[in-house]
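Following: one structure in structure tokens, then a few remarks.
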């Protein structure tokens, strides 16, 4: 099921049946450039370029191919476009959300989450896609992503990693 508006799509239980690996705390690097296979996990972004990719909708997202839990640290290599430069945007992962400031050039932002339930959908909110009248590129762009690096300590509480013994993600 989906909630679709003119500029975004919200997923409802869209990952039911997708096999996701349980994250055990190892560092994971997700490159989002043209050469990286993980760029296929992006939603609401333009086709990747050699440096990374620009968002095309107000609420873009990245499917992380792991069920994350516990204390999750994300190092996000990102930049803003137009009115999003020097702007705080909301970043959510699972049942937690934080803010990060976008800059004109690619820079690393460290964002810490405490997930009470498993999560794997990284969402960005609060982007301004208003066209710039003097810009050579008239695409709707808000945030540019180059990579996301995951580290931290997963929660080992029984039932926290998910009740499915087959590794299937449900209700994420």
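Residue numbers (our numbering): 80 to 251. Here a beta-carbon is modelled for each residue, glycine too, at the ideal position from N, C-alpha and C.
Below 8 Å between beta carbons: does that hold for residue i and residue j?
{"i": "residue 136", "j": "residue 192", "result": "no"}
{"i": "residue 168", "j": "residue 204", "result": "yes"}
{"i": "residue 134", "j": "residue 222", "result": "yes"}
{"i": "residue 158", "j": "residue 207", "result": "no"}
{"i": "residue 107", "j": "residue 145", "result": "yes"}
{"i": "residue 209", "j": "residue 131", "result": "no"}
{"i": "residue 104", "j": "residue 231", "result": "yes"}
{"i": "residue 182", "j": "residue 165", "result": "yes"}
{"i": "residue 143", "j": "residue 185", "result": "no"}
For my contact list, residue i and residue j are in at a C-beta cut-off of 8 Å; report their separation, rounded to the angstrom.
{"i": "residue 194", "j": "residue 173", "result": "4 Å"}
{"i": "residue 120", "j": "residue 218", "result": "About 21 Å separates the two Cβ atoms, so there is no contact after all."}
Any idea which residues DSSP pairs residue i with across the strands?
{"i": "residue 145", "result": "100"}
{"i": "residue 232", "result": "150"}
{"i": "residue 169", "result": "178, 204"}
{"i": "residue 190", "result": "153"}
{"i": "residue 226", "result": "110, 156"}
{"i": "residue 121", "result": "141"}
Between which two residues does the beta strand (DSSP E) harbouring residue i extend?
{"i": "residue 108", "result": "107-110"}
Given 8 Å, three or more beta-carbon pairs between the stretch 147-166 and the stretch 179-193: yes
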